[in-house]
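First comes the structure, then the notes that go with it.
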Amino acid sequence: MYLEKKIYDRLDISLIERGESFYQTHMEKIVKELEERGYLEEDEGRKILWGASTIPMTIIKSDGGFTYDTSDMAAIKQRLYDEKCDWLIYVTDAGQATHFQTLFDCAKRIGILDEIIHRVDHVGFGVVLGEDKKKFKTRSGDTVRLSDLLDEGLRRSLDKLKEKERDKVLTSKELRLAQEAVAYGCIKYADLSHNRNHEYVFSFDKMLEDKGNTAVYLLYAYTRIKSIARNANFTPEKIKELSKTHQVSLDHEKEWKLGKTLLRFPDVLLKMTKDLCLHHLCEFVYETATTFTEFYDNCYCIEKDSSGDIVKVHFGRILLTEATALVLEWCFYILGLKPVSKIAIIRKQVTLLIHTSNPSLLSTSQVMCTTSLTGESGGEFSRPYLRLK
Numbered sequence: 001m002y003l004e005k006k007i008y009d010r011l012d013i014s015l016i017e018r019g020e021s022f023y024q025t026h027m028e029k030i031v032k033e034l035e036e037r038g039y040l041e042e043d044e045g046r047k048i049l050w051g052a053s054t055i056p057m058t059i060i061k062s063d064g065g066f067t068y069d070t071s072d073m074a075a076i077k078q079r080l081y082d083e084k085c086d087w088l089i090y091v092t093d094a095g096q097a098t099h100f101q102t103l104f105d106c107a108k109r110i111g112i113l114d115e116i117i118h119r120v121d122h123v124g125f126g127v128v129l130g131e132d133k134k135k136f137k138t139r140s141g142d143t144v145r146l147s148d149l150l151d152e153g154l155r156r157s158l159d160k161l162k163e164k165e166r167d168k169v170l171t172s173k174e175l176r177l178a179q180e181a182v183a184y185g186c187i188k189y190a191d192l193s194h195n196r197n198h199e200y201v202f203s204f205d206k207m208l209e210d211k212g213n214t215a216v217y218l219l220y221a222y223t224r225i226k227s228i229a230r231n232a233n234f235t236p237e238k239i240k241e242l243s244k245t246h247q248v249s250l251d252h253e254k255e256w257k258l259g260k261t262l263l264r265f266p267d268v269l270l271k272m273t274k275d276l277c278l279h280h281l282c283e284f285v286y287e288t289a290t291t292f293t294e295f296y297d298n299c300y301c302i303e304k305d306s307s308g309d310i311v312k313v314h315f316g317r318i319l320l321t322e323a324t325a326l327v328l329e330w331c332f333y334i335l336g337l338k339p340v341s342k343i344a345i346i347r348k349q350v351t352l353l354i355h356t357s358n359p360s361l362l363s364t365s366q367v368m369c370t371t372s373l374t375g376e377s378g379g380e381f382s383r384p385y386l387r388l389k
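Residues in the sequence shown are numbered from 1 upward in steps of one, following UniProt numbering.
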């Protein structure tokens, strides 16, 4: 468990570990309850529970022992009623979809799961393939360990940073943080950017490319976006004051396109909460970054003379630039990516307002809340997400 915790810490994941022993007394209670209420049926020496599915759950084996079905039934009741959860998400491989559908059906039948107040989902995921299109393994044929994968990512990301001569402008501490951000971000993003229901080919070379829909491209795009205000000598405090006296510029067609793209953020979040597929957010992040590039290529935010001195700053475009950075920050936070920047993300309630006199562009506001993910081991993961006000 110590080694597992080290990996979770590297990936910035919090985990509450709950093994099967935690649910022992809960299993005894649920079995007693099911027997007293007459839900269990005898079947060749074992006791089974039927739901709407064609496959029953085995609650008691023929030798009197409990099963995984027993612990899952006890766990779902404990989580819904003791933990007061209103939404449970089970994350396992796609091969267990039938088992969890049976669990949910049985929980509904016995009155544990109330669809009016509870939501339960099984999030299945496909197989990761190597570049040979076969199940991802080492050259010796062994299963690839995540710790080795992370170490290899660190090595390759450092090479990438040195290739871009970041080691010449960053301190050793900043370089290490950038190395971790790129390595772990690339591995996470490569996984999350694919439809979780499909298999995909894992390739370090592709995920470390600085072009296309990769974490490297997006992290560097964010860094460039944040540098615009800094180059105009705008501090966060000055930008805050600027937002009180100026509106986001939406006159140029590329400004308009970028503004409309940003305002799709709530729709993307709502779509994710319906099908629990994070690749929608990855596609949106990439679209936002590429749309910003179009805006930046056509709309000057800062104008300088031949000597390099600033002669004009387009305040409305600076605000649009900062709005883009803010949306990207939220997206990175949800995806578990850390921007390669000296500016920290403000992880508290943030309101993003894009003001316009045109009624077709509406203001949006987001506020943090938390959901719970339950892994196959019974562990509980926490990851913030955004709720629309």
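Glycine included, every Cβ here is placed at the ideal spot set by N, Cα and C.
As the structure is a prediction and not an experimental result, all values here were calculated from the model.
Select from the options the residue whose C-alpha is nearest the C-alpha of residue i.
i: ILE76; options: ASP114, SER62, ASP63 and SER53; result: ASP114
i: TYR39; options: TYR90, ASP12, ILE112 and THR98; result: ILE112
i: CYS85; options: VAL120, LYS61, THR92 and SER62; result: VAL120
i: GLY19; options: MET27, ILE13 and ASP12; result: MET27
i: THR245; options: PHE315, GLY130 and LEU276; result: PHE315
i: residue 392; options: ASP210, ARG37 and LYS206; result: The requested residue 392 is not part of the displayed model; the chain covers only 1 to 389.
i: LYS257; options: PHE332, GLU329 and LEU320; result: LEU320
i: GLU322; options: ASP309, ASP275 and LYS240; result: LYS240
i: ALA229; options: SER172, ASP275, HIS198 and GLU303; result: GLU303
i: ILE310; options: TRP330, LYS238, GLU41 and PHE234; result: PHE234
i: TYR90; options: PHE125, PRO266 and PHE265; result: PHE125
i: GLU287; options: ILE48, LEU242, LYS5 and LEU263; result: LEU263
i: PHE284; options: ARG145, HIS194 and CYS301; result: HIS194
i: THR67; options: LEU208, ASN197, ASP82 and HIS99; result: HIS99
i: MET272; options: ALA94, ARG196 and ASP148; result: ARG196
i: VAL216; options: ASP151, LYS6, LYS338 and LEU276; result: LYS338
i: ALA190; options: THR214, GLU165, ALA94 and LYS168; result: THR214
i: SER62; options: ASP43, LYS168, ASP167 and GLU165; result: ASP43
i: ARG10; options: GLY64, SER147 and THR92; result: SER147
i: PHE292; options: TYR200, LYS274, LEU276 and GLY259; result: GLY259
i: MET57; options: PHE332, ASP93 and ALA107; result: ALA107
Quick one: using the 10 Å Cβ neighbour count with 16 as the cut-off for buried, is residue i buried or exposed?
i: ILE117; result: exposed
i: LYS188; result: buried
i: GLY51; result: buried
i: PRO236; result: exposed
i: GLY212; result: exposed
i: ILE16; result: exposed
i: ILE30; result: buried
i: TYR81; result: exposed
i: GLU329; result: buried
i: LYS135; result: exposed
i: ARG176; result: exposed
i: LYS162; result: exposed
i: GLY45; result: exposed
i: ARG37; result: exposed
i: LEU250; result: buried
i: ARG79; result: buried
i: LEU49; result: buried
i: GLY185; result: buried
Less than 6 Å between C-beta atoms, sequence neighbours within five positions excluded: which residues of the same chain meet that for residue i?
i: ALA289; result: LEU218 and ALA221
i: HIS252; result: CYS299
i: ALA183; result: GLY153, LEU154 and SER157
i: ASP105; result: GLY51, ALA52 and SER53
i: ARG109; result: GLY51
i: HIS198; result: GLY126
i: ILE55; result: THR102
i: PHE204; result: ARG156
So residue i and residue j are in contact, right, with Cβ under 8 Å, and what is the actual spacing, rounded?
i: THR324; j: ILE225; result: 6 Å
i: PHE202; j: VAL128; result: 5 Å
i: ALA232; j: VAL313; result: 5 Å
i: GLU41; j: LYS32; result: That belief does not hold up - the Cβ atoms of GLU41 and LYS32 are roughly 16 Å apart, past 8 Å.
i: ALA181; j: VAL340; result: 5 Å
i: LEU34; j: ILE59; result: 6 Å
i: LEU208; j: LYS168; result: With a Cβ gap of about 20 Å, LEU208 and LYS168 do not count as contacting.
Here's a check: name, in chain order, each residue in its chain whose Cβ is nearer than 7 Å to the Cβ of residue i, leaving out the five neighbours to either side.
i: LEU192; result: LEU278, HIS279, CYS282 and LEU335
i: LYS254; result: GLU294, PHE295, ASN298 and CYS299
i: LEU170; result: ALA178
i: ASP210; result: VAL216, TYR217 and TYR220
i: ARG166; result: LEU175 and ALA178
Apart from the five residues on each side of it in sequence, which residues of its chain come closer than 8 Å, Cβ to Cβ, to residue i?
i: PRO359; result: Residue confidence for PRO359 is low, a pLDDT of 34 falling below 50, so the modelled location carries little weight; the figure read from the coordinates is stated next. Nothing meets the Cβ criterion.
i: LEU242; result: PHE234, PHE315, ILE318 and LEU319
i: SER149; result: Note on identity: in this sequence residue 149 is Leu, with Ser being the wrong assignment. Counting only Cβ-Cβ distances below 8 Å, and skipping sequence neighbours, we find ILE187.
i: LYS5; result: LEU15
i: ILE7; result: LEU146, SER147 and LEU150
i: LEU361; result: Note that LEU361 has pLDDT 34, beneath the 50 cutoff, so the model's placement of it is unreliable and the number below is only indicative. Around LEU361: LEU250, GLY259, LYS260, LEU263 and ILE354.
Q | Sufficient close CB pairs (3 or more, under 8 Å) joining the region 61-80 to the region 11-28 | A | A contact exists between the region 61-80 and the region 11-28.
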